[in-house]
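Novice: One line per chain: the protein sequences are C and V, in this order.
Position 178 of the first sequence, counting from 1, maps to 177 under numbering that gives the first Met the number 0, and the rest follow consecutively.
Position 241 of the second sequence, counting from 1, maps to 240 under numbering that gives the first Met the number 0, and the rest follow consecutively.
The structure's right below; bear with me while I get my questions together.
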Amino acid sequence: MKRIFLLFSAAFFFGASIPTAGADSLPDSVLNDIAQLRQMMEGLSSTVKDLKETVREQSEVIQNQTLRLQVLEGGAASAGAVSAATARAPVSAGKSQGFNPEIGVVGTVQASQTRSDEDGEGNDTIALKELELNFSSYVDPYSRLDAIIAFNDNLEEQNVDIEEAYYSHWGLPFGFRGQIGKFRSRIGKQNLQHLHALETVDYAWVIRDFFGEEGLASSGVRLAHDVPNPWDIPVSVTGEVLRGNNGTSFSGVSRRPIFNVHGNAFFEPFDNASLELGWTTLFGDENPPQFSGFDENGDPVTTAVSDGRNKYGVRVYGADTTVTWLLSENRTLKFQNELYFQRRGNLSHVNEDPWGFYSLLDFRFSRQFSTGIRFDYLEPLDVTGEHHASTAVSPYLTFWQSEFASFQVQYTHSDPASADGFSDDAVYLRANFMIGAHKHPVQS
Amino acid sequence: MKHIKILMSLFFLAALLPVRAGSLQAGDAIRIVATTTTFADLAGRIAGDRAQIYAIASPKRDLHFISVTPRDVLKLKKADVFIHGGLDLEAWRAPLVDASGRPEFLCPSGSRQIDVSAKIPLLEVPDSVSRVQGDIHAYGNPHYWLDPENGRIIARNIAEGLSRLYPEDADTFQANEKNFEAQLDQKMLEWQALLAPFKGAAVITYHRSWAYFARRFELEVAGELEPKPGIPPTARHIAELEKVMQEKRIRVVMKETYFENRSAEKIAASAGARVLNLAQAAGELKETRDYLSMLDYDVRLLAQALGEKEVSHE
Numbered sequence: 000m001k002r003i004f005l006l007f008s009a010a011f012f013f014g015a016s017i018p019t020a021g022a023d024s025l026p027d028s029v030l031n032d033i034a035q036l037r038q039m040m041e042g043l044s045s046t047v048k049d050l051k052e053t054v055r056e057q058s059e060v061i062q063n064q065t066l067r068l069q070v071l072e073g074g075a076a077s078a079g080a081v082s083a084a085t086a087r088a089p090v091s092a093g094k095s096q097g098f099n100p101e102i103g104v105v106g107t108v109q110a111s112q113t114r115s116d117e118d119g120e121g122n123d124t125i126a127l128k129e130l131e132l133n134f135s136s137y138v139d140p141y142s143r144l145d146a147i148i149a150f151n152d153n154l155e156e157q158n159v160d161i162e163e164a165y166y167s168h169w170g171l172p173f174g175f176r177g178q179i180g181k182f183r184s185r186i187g188k189q190n191l192q193h194l195h196a197l198e199t200v201d202y203a204w205v206i207r208d209f210f211g212e213e214g215l216a217s218s219g220v221r222l223a224h225d226v227p228n229p230w231d232i233p234v235s236v237t238g239e240v241l242r243g244n245n246g247t248s249f250s251g252v253s254r255r256p257i258f259n260v261h262g263n264a265f266f267e268p269f270d271n272a273s274l275e276l277g278w279t280t281l282f283g284d285e286n287p288p289q290f291s292g293f294d295e296n297g298d299p300v301t302t303a304v305s306d307g308r309n310k311y312g313v314r315v316y317g318a319d320t321t322v323t324w325l326l327s328e329n330r331t332l333k334f335q336n337e338l339y340f341q342r343r344g345n346l347s348h349v350n351e352d353p354w355g356f357y358s359l360l361d362f363r364f365s366r367q368f369s370t371g372i373r374f375d376y377l378e379p380l381d382v383t384g385e386h387h388a389s390t391a392v393s394p395y396l397t398f399w400q401s402e403f404a405s406f407q408v409q410y411t412h413s414d415p416a417s418a419d420g421f422s423d424d425a426v427y428l429r430a431n432f433m434i435g436a437h438k439h440p441v442q443s
Numbered sequence: 000m001k002h003i004k005i006l007m008s009l010f011f012l013a014a015l016l017p018v019r020a021g022s023l024q025a026g027d028a029i030r031i032v033a034t035t036t037t038f039a040d041l042a043g044r045i046a047g048d049r050a051q052i053y054a055i056a057s058p059k060r061d062l063h064f065i066s067v068t069p070r071d072v073l074k075l076k077k078a079d080v081f082i083h084g085g086l087d088l089e090a091w092r093a094p095l096v097d098a099s100g101r102p103e104f105l106c107p108s109g110s111r112q113i114d115v116s117a118k119i120p121l122l123e124v125p126d127s128v129s130r131v132q133g134d135i136h137a138y139g140n141p142h143y144w145l146d147p148e149n150g151r152i153i154a155r156n157i158a159e160g161l162s163r164l165y166p167e168d169a170d171t172f173q174a175n176e177k178n179f180e181a182q183l184d185q186k187m188l189e190w191q192a193l194l195a196p197f198k199g200a201a202v203i204t205y206h207r208s209w210a211y212f213a214r215r216f217e218l219e220v221a222g223e224l225e226p227k228p229g230i231p232p233t234a235r236h237i238a239e240l241e242k243v244m245q246e247k248r249i250r251v252v253m254k255e256t257y258f259e260n261r262s263a264e265k266i267a268a269s270a271g272a273r274v275l276n277l278a279q280a281a282g283e284l285k286e287t288r289d290y291l292s293m294l295d296y297d298v299r300l301l302a303q304a305l306g307e308k309e310v311s312h313e
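Here is the structure:
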């Protein structure tokens with residue numbers, strides 16, 4: 000207001016006095032005052048002009064934001080065509096769309112070339128390894144639902160698999176967090192990751208041999224709890240009871256559950272470096288293998304190879320360590336290791352003491368590239384007699400076209416455990432791409 | 000069976016321990032978790048001694064791609080207040096809140112969260128969203144704290160939020176906020192004076208993160224090294240930018256410390272320009288321990304570079 004008043008005063012002064020008074024007849028002090036006022040008026044004019052420009056820009060911003068919100072909330076409404084009269088309906092419709100779950104799609108295409116002349120699935124072929132469709136949304140103020148449906152063209156026939164579908168509940172009594180449904184079991188590190196999120200094109204050999212080609216995911220219930228401690232170190236314990244029809248190490252029978260207890264602790268020994276330690280213990284039944292065939296009348300029959308079952312006869316123990324260094328320019332170095340061993344009878348698998356581990360070194364050395372190597376060591380479930388260990392070395396290079404698309408090449412040299420096997424060399428090419436919403440849960 | 004009993008006993012023993020480890024801590028300080036060191040610094044100025052503040056994102060990392068750690072989750076579980084940047088600034092925020100199991104921190108409905116982007120006039124709000132446009136932000140450019148005037152709004156939002164949650168300390172929060180604004184006013188005069196001679200000067204930036212800063216100080220962003228937001232520089236785009244640099248006689252390439260230097264150095268060399276590694280967050284550099292010193296550092300470095308007549312390559 001003060002500026003406007005001065006502006007008007009100056010205008011009035013110049014308008015009233017200058018035409019009626021000759022500049023020559025005015026004293027110097029008055030002329031100086033006039034000059035100062037003229038300067039002031041020019042300054043004020045400039046300020047008003049700037050303020051007008053600012054107001055105009057702000058109006059544009061507000062208008063853009065309003066239109067943007069209407070478009071986001073109203074879906075089909077055109078940004079340029081929204082009028083005050085029609086805005087109400089799309090906004091209302093848009094709000095209701097907020098109830099829809101977040102949807103994302105992740106595709107993984109993989110090609111491989113091996114020395115093996117077997118016609119095994121995955122040898123010398125290209126396949127849509129997986130198309131993952133994920134939905135997630137809050138159910139109510141206390142819980143959320145996450146579902147991941149996987150389609151694949153990789154096996155002998157196309158199939159659809161419920162990879163995960165679980166309901167999470169917060170704020171259970173005594174500070175527990177709970178999940179029910181089908182989920183990837185809390186075993187070490189890799190088993191929690193989906194295929195496309197792995198640094199390598201496949202899961203580590205020990206994971207595949209002990210828990211299945213894509214790890215252990217099963218229906219069940221999970222409870223997790225933090226362990227308070229005076230050092231304020233993040234320590235958590237997770238317990239799971241899983242349906243027994245998954246996991247190659249166990250009975251394969253639904254009614255014989257698998258129990259899992261996992262503990263992990265997180266340390267930050269140095270600036271920009273972290274160490275995560277975990278321990279996994281699984282128990283389950285071991286059933287005798289079953290033989291399916293035909294009797295003398297040609298009728299199908301299933302018979303157990305041996306009698307009885309070994310209740311809780313399979314015990315799997317595991318340890319994992321992950322060291323992560325955050326380097327400058329967004330570079331990251333990660334060293335991840337998991338080791339598993341079993342104590343079991345030999346009802347269904349001949350090796351009573353299978354064990355194995357992997358070590359993974361991954362270096363994200365730029366925004367666009369990461370490289371690494373994985374070493375696998377495995378004495379598998381089904382190796383017989385005197386044997387060596389299966390080993391594999393897998394270096395890889397990944398190119399990140401963007402946050403949403405990546406391409407990878409991996410070479411794997413493997414030596415089998417059994418004497419009658421042969422070494423193999425394989426090259427894999429993998430492409431990952433994702434659209435829509437995609438958020439990996441944070442592991443705590 | 001014995002092993003199972005032991006393990007299950009250990010597991011359920013955890014339930015008998017205090018539900019929240021926070022109860023082990025003495026005192027009644029407000030435990031604030033902020034997503035960035037910048038918001039943490041501003042929260043600290045306003046809450047003063049009343050708060051213990053923890054920042055999640057390292058100031059030396061790209062804020063869009065933070066890997067949340069178990070420590071971050073634990074801190075949020077025990078927090079009283081969660082301060083964040085709203086919009087879609089922190090893509091990792093929702094999974095973090097989910098992992099914490101604290102729905103009161105969910106945006107926008109959570110009662111104990113403070114969205115500091117409220118009331119900020121946003122720039123570059125897209126008319127439509129598609130990944131063809133790169134990693135664009137649906138609600139507008141989220142790097143708003145680089146305009147000091149938006150720092151004022153952020154501080155007010157924090158003060159309002161804390162006053163709502165802790166009305167008994169509202170006077171202290173408001174007084175601290177006014178004190179911050181007074182400091183900001185003083186610095187603004189300095190910064191505007193420093194950059195006034197370069198009004199309208201064209202600059203190149205690495206990421207589309209300097210829009211608010213450029214607008215405040217009336218600079219022209221003539222292009223970004225990223226061909227589209229979040230898409231790494233390509234050879235063709237760099238060649239195009241080199242032409243722009245030469246045509247407009249651009250002297251400065253502004254980039255964040257965590258982006259690679261090679262591309263920036265390349266285009267700078269083509270036009271005899273200088274690459275400036277500017278801070279985006281409090282604590283990113285040793286000279287930028289807080290929000291005001293961060294802006295101070297950026298403004299002074301930029302003014303110095305724009306004022307250089309003969310540019311020497313670093």
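Glycine included, each C-beta is placed from N, C-alpha and C at the ideal position.
Being a predicted model, the structure only gives us computed values, none of them experimental.
Going along chain C, which residues have a C-beta under 7 Å from I314 of chain V?
Specialist: Nothing about residue 314 of chain V can be read from this structure; chain V reaches only from 0 to 313.
Novice: Indicate whether at least one CB of chain C lies closer than 7 Å to the CB of Y205 of chain V.
Specialist: Taking Cβ atoms only, chain C never reaches closer than 7 Å to Y205 of chain V, which makes this a no.
Novice: Residue ranges of each alpha helix (DSSP H) run of no fewer than 4 residues wholly in the region 129-209 of chain V, ordered along the chain?
Specialist: Runs found: 147-164 and 169-194.
Novice: Just to confirm the assignment, what range does the alpha helix (DSSP H) spanning L75 of chain V have?
Specialist: First-last of the alpha helix (DSSP H) with L75 of chain V: P69 to K76.
Novice: Run through DSSP, which three-state label would S389 of chain C get?
Specialist: Looking at S389 of chain C - three-state DSSP - the assignment turns out to be strand.
Novice: If you follow the beta strand (DSSP E) that H261 of chain C is part of, which residue opens it and which one closes it?
Specialist: I257 to F269 is the extent of the beta strand (DSSP E) around H261 of chain C.
Novice: Would you mind reading off the limits of the alpha helix (DSSP H) that contains K181 of chain C?
Specialist: Premise fails: K181 of chain C lies in the beta strand (DSSP E), R176 to R183, not in any alpha helix (DSSP H).
Novice: Using DSSP's beta-bridge definition, name the partner residues of G222 of chain V.
Specialist: DSSP, once it has assigned bridges, lists V:I203 as partnering G222 of chain V.
Novice: Return the Cβ separation of T107 of chain C and H195 of chain C in integer angstroms, given the expectation that the two are a contact with Cβ distance under 8 Å.
Specialist: Between H195 of chain C and T107 of chain C the Cβ distance is about 5 Å, and since that is below 8 Å, they are a contact.
Novice: Rounded to whole angstroms, what is the Cα-Cα separation between A54 of chain V and E385 of chain C?
Specialist: Taking the straight line joining both Cα atoms gives about 56 Å.
Novice: List the residues that DSSP assigns as beta-bridge partners of N276 of chain V.
Specialist: For N276 of chain V, which the question treats as bridged, DSSP gives the partners V:K254.
Novice: Under the three-state reduction of DSSP, which class applies to L127 of chain C: helix, strand or coil?
Specialist: If DSSP states are grouped into helix, strand and coil, L127 of chain C belongs with the strands.
Novice: Between V:T204, V:D170 and V:D71, which lies nearest to F265 of chain C when the distance is taken from Cα to Cα?
Specialist: Taking only the C-alpha atoms, the option nearest F265 of chain C is V:D71.
Novice: Taking the alpha carbon of Y165 of chain C as the point to measure from, which residue in C:T331, C:V200 and C:G219 has its own alpha carbon closest?
Specialist: Nearest of C:T331, C:V200 and C:G219 to Y165 of chain C, Cα basis: C:G219.
Novice: Taking the continuous beta strand (DSSP E) assigned at R288 of chain V, which residues delimit it?
Specialist: Where R288 of chain V is concerned, there is no enclosing beta strand (DSSP E), given that its DSSP letter is neither H nor E.
Novice: Should K198 of chain V be labelled buried (16 or more other beta-carbon atoms within 10 Å of its own) or exposed?
Specialist: K198 of chain V is exposed by the Cβ-count criterion.
Novice: Leaving out the 5 sequence neighbours to the left and right, which residues in its chain are closer than 7 Å to A90 of chain V when beta-carbon positions are compared?
Specialist: Excluding residues within five positions, the ones whose Cβ falls inside 7 Å are H63.
Novice: Kindly indicate which three-state DSSP category N278 of chain C falls into: helix, strand or coil?
Specialist: Sequence inspection shows Trp at residue 278 of chain C; the Asn mentioned does not correspond to that position. DSSP places W278 of chain C in strand when its eight states are reduced to three.
Novice: Counting beta carbon pairs with one atom in the region 25-37 of chain V and one in the region 46-61 of chain V, are three or more of them shorter than 8 Å?
Specialist: Yes, the region 46-61 of chain V touches the region 25-37 of chain V.
Novice: For the beta strand (DSSP E) holding D423 of chain C, just list the boundary residues, first then last.
Specialist: Per DSSP, D423 of chain C belongs to the beta strand (DSSP E) from D423 to G435.
Novice: Output yes if chain V places a C-beta closer than 7 Å to the C-beta of E239 of chain C; else output no.
Specialist: It does not; no Cβ of chain V falls within 7 Å.
Novice: Quick one: what does DSSP say Y141 of chain C is sitting in, helix, strand or coil?
Specialist: Looking at Y141 of chain C - three-state DSSP - the assignment turns out to be coil, as it is neither helix nor strand.
Novice: Just to confirm my understanding: we take N350 of chain C, look at its own chain, exclude 5 residues before and 5 after, and list those with CB closer than 7 Å. What are they?
Specialist: E378, P379, L380, D381 and V382, listed in sequence order.
Novice: Mind checking whether H168 of chain C and S135 of chain C have CB atoms under 7 Å apart?
Specialist: Going by C-beta atoms, H168 of chain C is not nearer than 7 Å to S135 of chain C.
Novice: On the three-pair Cβ rule with 8 Å, is the region 124-133 of chain V touching the region 178-194 of chain V?
Specialist: Output reads no: the region 178-194 of chain V does not touch the region 124-133 of chain V.
Novice: Can you find the residues in the same chain that come closer than 6 Å, C-beta to C-beta, to V426 of chain C, ignoring five residues on each side of it along the sequence?
Specialist: Q112 and Y410, listed in sequence order.
Novice: Taking Cβ to Cβ, would you say A304 of chain V is nearer than 7 Å to L275 of chain V?
Specialist: Against a cut-off of 7 Å, the Cβ pair of L275 of chain V and A304 of chain V comes out as a contact.
Novice: Nearest to A436 of chain C by alpha carbon, out of C:V105, C:S44, C:Q96 and C:M40?
Specialist: Measuring from the Cα of A436 of chain C, the nearest candidate turns out to be C:V105.
Novice: Any idea if V260 of chain C is buried or exposed, counting beta-carbon neighbours within 10 angstroms, 16 or more meaning buried?
Specialist: When all chains shown are included, V260 of chain C counts as buried.
Novice: Closer than 7 Å by C-beta to P102 of chain V: which residues in its own chain qualify, once you throw out the five before and the five after it? Chain order, please.
Specialist: If we look at P102 of chain V and ignore the five residues flanking it on each side, its Cβ neighbours are G109.
Novice: Please list, in chain order, the chain V residues whose beta carbon lies closer than 7 Å to that of G170 of chain C.
Specialist: Per Cβ cutoff of 7 Å: G100.
Novice: Taking the beta strand (DSSP E) that F334 of chain C falls in, what are its first and last residues?
Specialist: F334 of chain C -> beta strand (DSSP E) spans T331 to R342.
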